[in-house]
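Trainee: Listed in order, the protein sequences are those of chains A and B. Numbers given in this note's numbering equal positions in the first sequence, counted from 1, plus 96. If you count the second sequence from 1, position 7 lands on -3 in this note's numbering, and the numbers rise without skipping. We put the beta carbon where it would ideally sit given N, CA and C, even for glycine. Once you've had a glance at the structure underneath, I'll fire off some questions.
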Amino acid sequence: MSESAPVEGRQIIDAVAKSGVEFIVSVPDITTSEGVLWPLAEDRRFRLVRVCKEDEGVSICAALSFCEKRALLLIQYTGLLDSINAIRAAGCDYKLPVAMMVGLLEKEPGVPPTQSARFGVRIIEPILDAMGIPHELVELEGDAKRIGPAIERAYKDSWPGAILIGRRI
Amino acid sequence: MMRRDLAFRILARHVGDAIVVPVYQAAQEWRHIKNDHDLTYYSIGAMGQASSAALGLALGRPDKRVVVLDGDGSLLMNLGTLVTIASQAPKNLIHFVCENGMYEANGGHPIPGQGKVSFAGLARAAGYAKVFEFADLAAFETNVAQVLAAEGPVFADLKLVPGDPPPQDYTFIHGPAAREAFRKALKR
């Protein structure tokens, strides 16, 4: 394994499974479509809930936490932006865990999100910071080890958390 | 048209140990009528999200019936939820929409499509297993047990007018005590 090689989908999926996640709630994202979502859809360790819009997923994940079930919301950054009010309400106002994996569509590999040429990508981390939502960038093989702790923290702190996928997988 | 408070009093007699997920004025009214029902999930978050939260609860607790008391304005804000719920097909989810044709909590303005849109038609087209409509209190009372017992996902459009204004307590509904009470009740 090379710390500088791109992260692989199987690493991401294994890390998610090890963190106790049973439900994957998703609107497809081209960044994670091939390497993560398609394999997850066939993986019997998870139940995939395909939603029409990302804010539905925020509410589903928050509600599942009352049933002591862990979920991962797998979306694109555009869906995160569209769901800010749901995250604000369910995650931040109510202090409920919403673990999110967010594809940074068209972020340039190796470029920090805040320095991307894409306006939408540049504003993601500042918005999460403004909401007090911790985030981890996962782009290289060595970054996969951040996934489990990020999910664990969301449930331990009962608060949203975001894993940002920085390159197409 | 039925008075919402009278319809809820009938529902309260049949709901048993189901989880109830009410929104806005329905939540105020439900709390006023059935304030001992600690299996009430008030934490619906942003407008339109009650049925999505209910889907999460229904998937997480397939052993419990989950009853949503949605609003028509709320449902319009999250119409995709009908397709998502029908696709997941939880047998334990009963989705009521309280159709009063207005944004009652926001000044009484009419909803888009007031009197024209068929919520039952939308649910049927989305693929709900059973769909009901009630505009008459006696018919609702006669059939409510059947609605609650049917294999879901079930949709029931209640054509309503508001009753006497219930006490308003958004501090409780959005506060931590409501969530803690629900969490404890769900663990019993």
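Taking DSSP's pairing of strands, which residues face M(-8)/B in a bridge?
Mentor: In the second sequence, the residue the question calls residue -8/B occupies position 2. For M(-8)/B, DSSP records a beta bridge to L150/B.
Trainee: Within 9 Å of any Cβ in chain A, is that where the Cβ of F172/B sits?
Mentor: Sequence index remark: in the second sequence, residue 172/B carries index 182 (1-based). Chain A, which has a Cβ nearer than 9 Å to the Cβ of F172/B, makes this yes.
Trainee: Does P209/A pass the burial test, meaning 16 or more other C-beta atoms within 10 Å, or should it be called exposed?
Mentor: The residue given as residue 209/A occupies position 113 in the first sequence. With 16 or more Cβ atoms within 10 Å of its Cβ, P209/A is classed as buried.
Trainee: By DSSP's criteria, P181/B is part of a beta bridge. Which residues make up the other side?
Mentor: Residue 181/B is absent from the structure shown; chain B starts at -9 and stops at 178.
Trainee: Of all the residues that make up the stretch 168 to 190 of chain A, which are near chain B by a beta-carbon distance shorter than 8 Å?
Mentor: N181, A182, R184, A185, A186, D189 and Y190
Trainee: Does the Cβ-Cβ distance between E248/A and S115/A come in under 9 Å?
Mentor: The count along the first sequence starts at 1 and reaches residue 248/A at position 152. The count along the first sequence starts at 1 and reaches residue 115/A at position 19. The criterion of a C-beta distance shorter than 9 Å is satisfied by E248/A and S115/A.
Trainee: When you compare the CB positions of I23/B and V56/B, do they come within less than 9 Å of one another, or not?
Mentor: Within the second sequence, numbered from 1, the residue matching residue 23/B stands at position 33. Within the second sequence, numbered from 1, the residue matching residue 56/B stands at position 66. The answer is no: Cβ separation not under 9 Å.
Trainee: Taking DSSP's pairing of strands, which residues face V57/B in a bridge?
Mentor: What you label residue 57/B is simply residue 67 of the second sequence in a count that begins at 1. As computed with DSSP, V57/B is found in a beta bridge with V10/B and I84/B.
Trainee: Which whole-angstrom value is the C-beta distance of L47/B and Y31/B, which I expect to be below 8 Å?
Mentor: Working through the second sequence from its first residue, we reach residue 47/B at position 57. Working through the second sequence from its first residue, we reach residue 31/B at position 41. With a Cβ gap of about 6 Å, L47/B and Y31/B count as contacting.
Trainee: Indicate whether the contact test is met: 3 or more Cβ pairs, each with one atom in the stretch 96 to 103 of chain B and one in the stretch 113 to 131 of chain B, closer than 8 Å.
Mentor: no
Trainee: Report yes if the CB atom of D125/A is closer than 9 Å to the CB atom of G199/A, and no otherwise.
Mentor: Position 29 of the first sequence, counting from 1, holds the residue named residue 125/A. Position 103 of the first sequence, counting from 1, holds the residue named residue 199/A. Closer than 9 Å, so yes.
Trainee: What's the gap between the Cα of I261/A and the Cα of S179/A?
Mentor: Residue mapping note: residue 261/A aligns to position 165 of the first sequence, counting from 1. Residue mapping note: residue 179/A aligns to position 83 of the first sequence, counting from 1. About 18 Å.
Trainee: Closer than 9 Å, Cβ to Cβ, to anything on chain A: give me those residues from the stretch 10 to 43 of chain B, in chain order.
Mentor: V11, Y31, S33, I34, G35, A36, M37, G38, Q39, A40, S41, S42 and A43
Trainee: Does DSSP classify A167/A as helix, strand or coil?
Mentor: Taking the first residue of the first sequence as position 1, residue 167/A is located at position 71. A167/A: strand per DSSP, three-state reduction.
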